[in-house]
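Q:
There are 2 protein chains.
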Amino acid sequence: MPIPPGPFIGRTLARLAQDLRDGRTTSTDLTEQALGAAAALDPALNAFVTVDGTGALEAAKAADDELAAGRDRGPLHGIPVAVKDLIEVAGLPATMGSRHFTGYVPGRDAACVARLREAGAVIVGKTTTHEFAYGPTGDRSANGASRNPHDTGRMSGGSSGGSGAAVAAGIVPLALGTDTGGSVRIPSALCGVAGFKPAYDAISADGVFPLSRSLDHVGVLAGDADSCLTAYRCLTGDEVPERAEDARVAWLDASDLFAGDPEVVAVARAAAGSAGEPPEIRLPEGFAEEVLRTYRTIQSCEAVAVHAERMERAPELFGEEVLERLRGAAQVPGWRYVRAVQDRERLIAAAGALFEHHDVLALPTAAITAPPIDRREVALGSETVPVGVALLSLTCPWNVLRFPALTVPAGTVAGLPVGLQLVSRPGDEALLFSAARRLTA
Amino acid sequence: MPIPPGPFIGRTLARLAQDLRDGRTTSTDLTEQALGAAAALDPALNAFVTVDGTGALEAAKAADDELAAGRDRGPLHGIPVAVKDLIEVAGLPATMGSRHFTGYVPGRDAACVARLREAGAVIVGKTTTHEFAYGPTGDRSANGASRNPHDTGRMSGGSSGGSGAAVAAGIVPLALGTDTGGSVRIPSALCGVAGFKPAYDAISADGVFPLSRSLDHVGVLAGDADSCLTAYRCLTGDEVPERAEDARVAWLDASDLFAGDPEVVAVARAAAGSAGEPPEIRLPEGFAEEVLRTYRTIQSCEAVAVHAERMERAPELFGEEVLERLRGAAQVPGWRYVRAVQDRERLIAAAGALFEHHDVLALPTAAITAPPIDRREVALGSETVPVGVALLSLTCPWNVLRFPALTVPAGTVAGLPVGLQLVSRPGDEALLFSAARRLTA
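Here the protein sequences come in this chain order: D and E.
Take the first sequence: its position 256, counted from the start at 1, is 256 in our numbering, and no numbers get skipped.
Take the second sequence: its position 88, counted from the start at 1, is 1088 in our numbering, and no numbers get skipped.
1) In this structure, does DSSP put residue 1030 of chain E in helix, strand or coil?
2) Using a Cβ-Cβ cutoff of less than 6 Å, which residues in the same chain neighbour residue 23 of chain D once the five nearest sequence positions on both sides are dropped?
3) Counting only Cβ pairs nearer than 8 Å, list the residues of chain E close to residue 331 of chain D.
4) Apart from the five residues on each side of it in sequence, which residues of its chain come closer than 7 Å, Cβ to Cβ, to residue 290 of chain D?
5) Between residue 1144 of chain E and the rest of its own chain, which residues show a CB-CB distance below 7 Å, the 5 nearest in sequence each way excluded?
6) State the CB to CB distance for the pair residue 351 of chain D and residue 292 of chain D, rounded to an integer number of angstroms; the pair is presumed to be in contact (CB under 8 Å).
7) Kindly indicate the opening and closing residues of the beta strand (DSSP E) around residue 1409 of chain E.
8) Taking the straight line between their C-alpha atoms, what separation do you get for residue 428 of chain D and residue 354 of chain D?
9) Is there a C-beta anywhere in chain D that falls below 8 Å from the one on residue 1327 of chain E?
10) Any idea which residues DSSP pairs residue 1383 of chain E with across the strands?
11) Taking the CB atoms as reference points, tell me whether residue 1168 of chain E and residue 1149 of chain E lie closer together than 8 Å.
12) Got a sec: is the Cβ-Cβ distance from residue 1098 of chain E to anything in chain D below 8 Å?
13) Please report how far the alpha carbon of residue 59 of chain D lies from the alpha carbon of residue 1393 of chain E, in whole angstroms.
14) Assign residue 1434 of chain E to buried or exposed, taking buried as 16 or more other Cβ atoms, counted over all protein chains shown, within 10 Å of its Cβ.
15) Whole angstroms is fine: what's the gap from residue 1368 of chain E's alpha carbon to residue 1021 of chain E's?
16) Per the contact definition of three or more C-beta pairs closer than 8 Å, is the region 409-418 of chain D in contact with the region 261-268 of chain D?
17) What does DSSP give as the partner residues of residue 155 of chain D in its beta bridges?
18) Is there a C-beta anywhere in chain E that falls below 8 Å from the one on residue 396 of chain D?
19) Which term fits residue 1108 of chain E, buried or exposed, when burial requires 16 or more other beta carbons within 10 angstroms of its beta carbon?
20) Using only CA atoms, which one of E:1337, E:1078, E:1203, E:1363 lies nearest to residue 1256 of chain E?
21) Can you tell me whether residue 299 of chain D is buried or exposed, with buried defined as 16 or more other CB within 10 angstroms of its CB?
22) Would you identify the three-state DSSP class for residue 1358 of chain E, choosing helix, strand or coil?
23) May I ask you to check if the CB of residue 1213 of chain E is nearer than 7 Å to at least one heavy atom of the ligand ADP?
24) Residue range of the beta strand (DSSP E) that residue 48 of chain D falls in?
25) Does any residue of chain E bring its CB to less than 8 Å from the CB of residue 296 of chain D?
26) Is the region 163-178 of chain D touching the region 219-237 of chain D in the sense that three or more CB pairs, one from each, lie closer than 8 Å?
27) Is it true that the region 83-90 of chain D meets the region 296-312 of chain D, where meeting means three or more beta-carbon pairs spaced less than 8 Å apart?
28) Which bits of chain E does residue 305 of chain D rub up against, with CB to CB less than 7 Å?
29) Rounded to the nearest angstrom, what separates residue 311 of chain D and residue 323 of chain D at their Cα positions?
30) Determine the DSSP secondary structure at residue 1280 of chain E, reduced to helix, strand or coil.
31) Runs of 4 residues minimum, wholly inside the region 1288-1317 of chain E: which ones carry the alpha helix (DSSP H) assignment?
32) Within 10 Å of its beta-carbon, does residue 1096 of chain E have 16 or more other beta-carbons around it, so buried, or fewer, so exposed?
33) Does the region 1245-1253 of chain E touch the region 1276-1283 of chain E, meaning 3 or more C-beta pairs lie closer than 8 Å?
34) Rounded to whole angstroms, what is the Cα-Cα separation between residue 407 of chain D and residue 5 of chain D?
35) Would you call the region 33-50 of chain D and the region 126-135 of chain D in contact, with 3 or more CB pairs under 8 Å?
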């Protein structure tokens, strides 16, 4: 069952900023709208672990006072924002989606949260994360599954599932997430919003609980791509031009990464062709298999490196599925990790060739629409495939390569959102967003 | 049984260079001396896998012609040099000490060999390496054990055992080696010569067969420390000053790394005190255990990453001992490698404190003198300890930390050489060599 639209549906950050400065609204007003929507809609969504009404209203008042006094912190000033519960916010519980962190309240802000505050944003609460961000479905968490606003019987995707659901439901206009193999882009695609995973380390991961340090990226989710760009610029101070020349876009036939649901692929393909037919390219021979193997190996070893003592001392505090995955990951031998790190370097070098004649590659974000909560296999044609593989295979390569990747809404299949994923080389973010603008015009 | 001294005993590179330029000798003469000594002495030592008489005499003639024509390539011009068989020399077999490489003849020079040639050095042959450099004893190799010139029934140490034996026997005045956990310094100490492992990557490892890429260092062995410095400067182009202010030397009580043979420790300690009593320091709490564990974990995983296919396809071509070690190393889980790489960063940061009040740390190089060939355990007091652990424990920490480390002859115990190891921070090489000069004056 879909839920009714919240107050921020269709309102871009640019529009909200204008309204705030034109006196048509206040940060307090926006924050009250967000808090009201959370109270009304979240029981059905479980997008939030913690809502900080008091702190948010205080911050909103301060933002309003500053604007009134002529101090303008820029595009995020006074904007309500939700923060994934894997990211530390001083004074608010951070559960990491796990019972291991019951009662944990960090004393300081993550670097990205500190940037949000400096930019005048209002933090309204913490959003549900898949347990320790270790899963793309968003339905395993100490506080329960986050649910898809388009059909609350279906998964939000994950691991930043609460952020995806909160933005898609219009509870907030912007949320922070993290993305190790697709954890910003997958819930964005499944819930029908825009999500941006920047280049590696473009936004500091300091104060973010690690899943796999060399693959973890902090990213942003918003209703549209330009709002993601606005937030990205505020978070990094990067001078990405708002406008850029037309990007040369190619369609990447990603079927050797994963042969997705043909209807989903067709919707993404149509969006990619909406401003003219792009050339079609494929990955180099062997690339797909190698990049997926590299992803699994690096993620497995680095995840266990984070959790080994917890696995030993308090295995019962893990959810069953995550513990089982970690135990499997603990078996990966060290020499394979060494190889994977070497392979990553080679893959990054080889990936350059993909961009020789193109600035932006377009492909589906997730290969399927949102499955029902708890579903672990889906039928594709005559085959049955694991849901996790179907969700991650088209996004995780760009974590291995550390390239910026953006998902934008491309349409629907049977009423469920489909994402178009756009990828560029680091440094070409302006072209990436110009392509998004053109294809969603 | 000791062997008779070869032609280069007691002749420094500076002296040889002077003699060449004063017309007292020629490169052809020096090369003939080296080839003659190899023919006479090597049957007892097995220091050489390959002697290239023809190539060496050609290179020597070219060096002589150049000098006669006024072209002077510097301190290594016309000097006979031996190269460890793990390092590729174009046109000469490179066995890596293994039957896996029987008949392999590389087509190009390793980067360090190319530098040698540019500097006018004469390559006389390839020296015995412990099989794939995977062992500190030097007595496991496809071409048999290299032997200690001081007692041919004893091991040379390894893995650059042939280089150590060849220099110590006076067959050549200089040899190249590699050092992953002590493989230049251990044979230098056990055979009674000087050996220098520079800072990580100071000499390129390009064209060197890897043991453990992030720990592998290319180094030099010579009769005295200043000859090592001369060779190091020629190989790197580094402008290490020949003279430096007096280094502040401290004695490192390394008993928590390994409690060595008290007589060996006493000889090294006396050498360290030969120019005044140094202050004594210890490693920080927990440092020793952590650095040794980090070494083992990184080396194990990286070594198997090099050999996994050979282990699978042709295990019978490995020597039994090396294969057994590799099979054990293959069991180390990936997450432990991830931890070890993180630990290394922390250890490098923590090691800075050791040098807050001192420029150079002095400690024994190997904790024992050369054991008999094939011996795998030694008695120390009431304990029996593995030979490999006794040989490596005082050298391998500086591979983990990537600090420059030099061994110089410190004296003997029961007629067998003892090395004094001197360690500095990267960039302090001039102080390191000035300390060596002062302590061996």
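We treat Cβ as the ideally placed atom computed from N, Cα and C, and that holds for glycine.
A: In brief:
1) Sequence index remark: in the second sequence, residue 1030 of chain E carries index 30 (1-based). Three-state result, residue 1030 of chain E: helix.
2) As a working note, residue 23 of chain D is residue 23 in the first sequence. Taken in chain order, the list of residues that qualify is empty.
3) Stepping through the first sequence from its first residue, residue 331 of chain D is reached at position 331. In chain order: 1333.
4) Taking the first sequence and counting its residues from 1, one reaches residue 290 of chain D at position 290. Contacts found: 343, 347.
5) Mapped onto the second sequence, residue 1144 of chain E falls at position 144. 1046, listed in sequence order.
6) Translated into positions along the first sequence, residue 351 of chain D becomes position 351. Translated into positions along the first sequence, residue 292 of chain D becomes position 292. Contact flag wrong, Cβ pair sits at about 14 Å.
7) What you label residue 1409 of chain E is simply residue 409 of the second sequence in a count that begins at 1. From DSSP, the beta strand (DSSP E) with residue 1409 of chain E extends over 1405-1413.
8) Working through the first sequence from its first residue, we reach residue 428 of chain D at position 428. Working through the first sequence from its first residue, we reach residue 354 of chain D at position 354. Between residue 428 of chain D and residue 354 of chain D, the C-alpha separation is close to 14 Å.
9) To locate residue 1327 of chain E, count along the second sequence from 1; it is residue 327. It does not: the Cβ of residue 1327 of chain E has no partner Cβ on chain D nearer than 8 Å.
10) Here residue 1383 of chain E corresponds to residue number 383 of the second sequence, with the count starting at 1. E:1380, per the DSSP bridge assignment.
11) Here residue 1168 of chain E refers to the residue found at position 168 when the second sequence is read from its first residue. Here residue 1149 of chain E refers to the residue found at position 149 when the second sequence is read from its first residue. In this structure, residue 1149 of chain E lies closer than 8 Å to residue 1168 of chain E by Cβ.
12) Here residue 1098 of chain E refers to the residue found at position 98 of the second sequence. No, its Cβ sits nowhere closer than 8 Å to a Cβ of chain D.
13) Reading the first sequence from its first residue, position 59 is the one you call residue 59 of chain D. Reading the second sequence from its first residue, position 393 is the one you call residue 1393 of chain E. Straight-line Cα distance between these residues: approximately 57 Å.
14) On the second sequence, position 434 is the one that residue 1434 of chain E refers to. Residue 1434 of chain E comes out buried.
15) Start at 1 with the first residue of the second sequence, and residue 1368 of chain E comes out as number 368. Start at 1 with the first residue of the second sequence, and residue 1021 of chain E comes out as number 21. Whole-angstrom Cα-Cα distance: 41 Å.
16) yes
17) Indexing the first sequence from 1 puts residue 155 of chain D at position 155. Partner(s): D:147.
18) For the purposes of this step, residue 396 of chain D is identified with residue 396 of the first sequence, where counting begins at 1. No, residue 396 of chain D does not count as interfacial toward chain E.
19) Numbered from its first residue, the second sequence carries residue 1108 of chain E at position 108. By the 10 Å Cβ count, residue 1108 of chain E comes out exposed.
20) Here residue 1256 of chain E corresponds to residue number 256 of the second sequence, with the count starting at 1. Out of E:1337, E:1078, E:1203, E:1363, E:1363 has the C-alpha closest to the C-alpha of residue 1256 of chain E.
21) Locating residue 299 of chain D in the first sequence gives position 299, counting from the first residue. By the 10 Å Cβ count, residue 299 of chain D comes out buried.
22) Along the second sequence, read from residue 1 onward, the residue named residue 1358 of chain E stands at position 358. The answer is coil: DSSP assigns residue 1358 of chain E none of H, G, I, E or B.
23) Within the structure as shown, the ligand ADP is missing, as the structure has no ligands at all.
24) Within the first sequence, the letter at position 48 stands for residue 48 of chain D. Looking at the DSSP string, the run of the beta strand (DSSP E) that includes residue 48 of chain D is 48-51.
25) Residue mapping note: residue 296 of chain D aligns to position 296 of the first sequence, counting from 1. It does not; no Cβ of chain E falls within 8 Å.
26) yes
27) no
28) The residue given as residue 305 of chain D occupies position 305 in the first sequence. Residues of chain E passing the Cβ test: 1335, 1338, 1339.
29) The sequence position of residue 311 of chain D within the first sequence is 311, counting from 1. The sequence position of residue 323 of chain D within the first sequence is 323, counting from 1. Straight-line Cα distance between these residues: approximately 8 Å.
30) Residue mapping note: residue 1280 of chain E aligns to position 280 of the second sequence, counting from 1. Correct three-state label for residue 1280 of chain E: strand.
31) none
32) Here residue 1096 of chain E is taken as the residue at index 96 of the second sequence, counted from 1. Its Cβ being crowded by 16 or more others within 10 Å, residue 1096 of chain E is buried.
33) yes
34) Here residue 407 of chain D corresponds to residue number 407 of the first sequence, with the count starting at 1. Here residue 5 of chain D corresponds to residue number 5 of the first sequence, with the count starting at 1. Looking at the two C-alpha atoms, the distance is approximately 21 Å.
35) yes
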